[in-house]
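> What follows is a single structure, and I will ask about it in a moment.
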Amino acid sequence: MQLAGAINLARDPRNGRNFEYLSEDPLLSATMAAESIIGIQQQGVIATTKHFSLNCNETNRHWLDAVIDPDAHRESDLLAFEIVIERSQPGAVMAAYNKVNGDYAAGNDHLLNDVLKGAWGYRGWVMSDWGGTPSWECALAGLDQECGAQIDAVLWQSEAFTDRLRAAYADGNLPKGRLSDMVRRILRSMFAVGIDRWKPAPAPDMNAHNEIAAQMARQGIVLLQNRGLLPLAPESAGRIAVIGGYAHLGVPAGYGSSAVTPPGGYAGVIPIGGSGLAAGLRNLYLLPSSPLSELRKRLPNAQFEFDPGINPAEAVLAARRADIAIVFAIRAEGEGFDSADLSLPWGQDALIAAVASANANTVVVLETGNPVTMPWRDSVNAIMQAWYPGQAGGQAVAEIVTGQVNPSGRLPITFPVDLGQTPRSQPPELGAPWGTSTTIHYTEGADVGYRWFASTNQTPMFAFGHGLSYTSFEYRDLVVTGGHTVHASFSVTNTGDRSGADVPQLYMIAAPGESRLRLLGFERVELEPGQTRRVRIEADPRLLARYDGEARSWRIEPGGYTVAVGASAVALKLAAKVKLAGRGFGR
């Protein structure tokens with residue numbers, strides 16, 4: 001089985017595992033995760049969805065109590081799980097390490113029995129995370145499998161589902177029906193993916209896999225800012241300084257249990273250190289896909305100079321000698337740790353500022369798992385968010401810089417100006433000793449990310465859904481119909497002189513009696529210059545509704561709703577009003 005995909009919402013831009021997760025929006029996260037899970041299970045491999053639920057901070061995650069309004073929970077993090085389970089039927093759900101409203105997720109009767117297995121009718125099994133089973137009683141609350149029992153023995157002084165579970169069954173404290181259900185759920189998922197139809201897998205085609213990785217990087221890299229410098233023409237013959245970020249070696253990857261070793265090994269491993277069980281995994285891993293080498297291939301007439309960026313004065317000299325400076329900035333992020341702030345480490349903010357002061361044609365390529373603050377933003381010409389771009393990341397970065405690929409990535413997470421714009425500028429117990437009990441109140445409720453910025457009337461640095469292209473697009477002819485849900489259609493035209501891909505987004509911006517921003521749908525549209533395509537979106541009614549815990553159902557209020565189409569959560573171009581019939585539905 002594969003312990004993926006992870007769909008915890010990005011509630012905190014410091015969360016070390018956000019690079020593993022998918023977005024701050026339940027629909028977007030579920031859409032991407034469902035396609036991944038379907039693909040995994042079509043290969044005869046069981047996929048999980050995790051971490052159920054609210055693993056939104058890594059600091060002292062084993063001792064963290066995530067507190068949230070239950071109805072808001074259903075409209076946000078749990079909605080992502082609900083949609084992904086409906087669409088892809090993952091064989092297993094992995095419980096989170098943390099508590100949710102006072103009870104450990106692996107022993108949370110409300111989450112596992114009432115919601116997951118009851119309201120949603122989930123038929124697969126619930127597994128713990130490694131070391132996430134504090135007691136055998138978790139079985140009564142809906143946990144079907146203890147994983148990593150040897151870690152439980154360290155954290156909780158005993159394995160939970162070995163001798164203790166046998167004793168509970170022998171004493172009659174664990175009903176026979178419950179034990180049978182645990183076994184049945186595991187076996188059902190095995191047969192659902194074809195354990196009885198297994199055939200030896202052929203040797204992997206590494207070239208095909210690398211091309212898929214390259215395509216993912218091409219579509220995922222986001223051009224945040226461009227004042228006309230990019231793309232660089234392939235025939236460019238000037239001097240280019242490439243500075244920092246180990247760009248001569250490769251691209252960074254996140255650390256933790258998700259790390260994979262590429263064929264031939266890493267280009268470099270730099271220890272970071274820390275405390276706790278995960279400290280040994282806390283390294284900066286470099287995948288062997290060098291942006292510098294790839295840029296040289298695509299700009300054969302240019303003269304390149306590489307500076308490691310360790311000494312800002314030397315980097316400034318390199319920038320002054322160049323026509324263009326490209327600075328690669330990195331940050332090591334991963335499992336078990338949250339970042340203290342959103343600044344770039346190791347003096348990189350000062351490095352970028354110094355280079356930009358020496359060369360007005362400065363491009364910054366960010367290779368991070370989370371948003372960063374950008375005190376130098378107004379001083380640089382272009383900014384590219386490359387994330388951790390994977391085994392073909394250097395190639396994809398070079399292709400976009402040189403215009404061989406037109407950027408089409410869009411931000412799945414809001415970039416704040418600073419932490420003061422977020423719900424918690426200082427999370428509780430950050431930096432506290434390992435093992436410190438912690439409580440985080442997610443008072444923003446369902447208003448995660450762009451929803452929070454809208455509800456508090458704040459303007460982010462870069463909005464959810466934002467991303468630039470080397471061409472331009474126009475939206476027109478929005479038609480919206482109502483009834484039980486919203487149906488919308490509109491036209492998208494490539495008005496530029498390059499082929500490119502756009503990702504138009506449909507939002508609800510107002511519900512009866514209130515302003516409320518919700519992503520209702522989106523579509524990636526590839527267009528040649530002058531080409532037009534009609535986009536049609538049907539909204540999931542839960543995105544228009546509120547969850548009513550007392551009634552145990554969703555409720556759409558009758559009346560007028562306003563929806564809008566745009567290029568991001570703040571760049572809305574077309575709007576229309578529609579009436580919906582009031583109704584209750586679901587569980």
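Taking the UniProt record's numbering, the leading residue of the sequence shown gets 1, the next gets one more, and so forth.
Beta carbons: idealized from backbone N, C-alpha and C, even for Gly.
Leaving out five residues on either side along the sequence, give the residues of the same chain with a beta carbon under 6 Å from the beta carbon of Ser339.
Around Ser339: Arg14.
> Under 8 Å by Cβ, that's how I've got Leu574 and Tyr507 pegged, so tell me the actual separation to the nearest angstrom.
Their Cβ separation, rounded to whole angstroms, is 11 Å, which puts Leu574 and Tyr507 out of contact at 8 Å.
> Taking the continuous alpha helix (DSSP H) assigned at Ile37, which residues delimit it?
Per DSSP, Ile37 belongs to the alpha helix (DSSP H) from Pro26 to Gln42.
> Just the Cα atoms here: how many angstroms apart are Ala581 and Pro427?
Rounded to whole angstroms, Ala581 to Pro427 spans 41 Å at the Cα level.
> Please name the residue, chosen from Gly131, Asp307 and Gly102, that lies closest to His62 on a Cα-to-Cα basis.
Looking at the Cα atoms, Gly131 is the closest of the given residues.
> Considering only DSSP beta bridges, list what Gly268 is partnered with.
Leu286.
> Excluding the 5 residues flanking Ala386 on each side, which residues of the same chain have their C-beta closer than 6 Å to its C-beta?
The residues are Ile221, Val365, Glu367 and Val397.
> So what does DSSP say about Pro312, is it helix, strand or coil?
In this structure, Pro312 counts as helix in the three-state DSSP scheme.
> Is it true that the CB of Trp125 sits closer than 9 Å to the CB of Ile186?
Yes.
> Would you identify the three-state DSSP class for Arg227, choosing helix, strand or coil?
If DSSP states are grouped into helix, strand and coil, Arg227 belongs with coil.
> In the DSSP assignment, the beta strand (DSSP E) including Asn210 goes from what residue to what residue?
No beta strand (DSSP E) contains Asn210, which is instead part of the alpha helix (DSSP H) from Met206 to Gly220.
> Using a 10 Å radius around the Cβ and a threshold of 16 neighbouring Cβ atoms, would you call Ser29 buried or exposed?
Ser29 comes out buried.
> Mind pulling the beta strand (DSSP E) runs of 3 or more residues that sit fully within the region 93 to 130?
With a minimum length of 3 residues, the continuous beta strand (DSSP E) runs that stay inside the region 93 to 130 are 125 to 127.
> So what's Lys297 in DSSP terms, helix, strand or just coil?
Three-state result, Lys297: helix.
> Would you check if the distance between the CB atom of Leu9 and the CB atom of Ile83 is smaller than 9 Å?
Against a cut-off of 9 Å, the Cβ pair of Ile83 and Leu9 comes out as no contact.
> How is Asp447 classed by DSSP in three states: helix, strand or coil?
In this structure, Asp447 counts as coil in the three-state DSSP scheme.
> Would you tell me roughly how many angstroms separate the C-alpha atoms of Glu305 and Val363, rounded to the nearest one?
Each residue's Cα considered, the two are about 15 Å apart.
> Specify whether the region 282 to 290 and the region 415 to 431 touch according to this definition: at least 3 beta carbon pairs, one from each stretch, less than 8 Å apart.
Result no; under three Cβ-Cβ pairs closer than 8 Å.
> To which residues of the same chain is Gly393 closer than 6 Å at the C-beta, ignoring the five residues directly before and after it?
Same-chain partners within the cutoff: Ala217, Val251 and Ser289.
> Grouping DSSP H, G and I as helix and E and B as strand, with all else coil, what is Asp349?
Three-state result, Asp349: helix.
> On the three-state DSSP scale, how would you describe Met526?
In the sequence as displayed, the identity of residue 526 is Glu instead of Met. Three-state result, Glu526: strand.
> What residue range is occupied by the uninterrupted beta strand (DSSP E) comprising Ser489?
First-last of the beta strand (DSSP E) with Ser489: His487 to Asn494.
> Just checking Asn226 against the ligand ZN - is the residue's beta carbon closer than 8 Å to any of the ligand's heavy atoms?
The ligand ZN is not part of this structure, which contains no ligands at all.
> Provide the residue span of the alpha helix (DSSP H) that contains Pro70, from first to last.
Note, Pro70: alpha helix (DSSP H), Pro70 to Arg74.
> Which residue comes first and which comes last in the beta strand (DSSP E) that contains Glu367?
It spans Thr362 to Glu367 - the beta strand (DSSP E) in which Glu367 sits, taken as one unbroken run.
> Can you name the residues that DSSP bridges to Gly584?
Its beta-bridge partners are Arg555.
> Tell me whether Pro202 is buried or exposed, calling it buried when 16 or more other Cβ atoms sit within 10 Å of its Cβ.
It counts as exposed.
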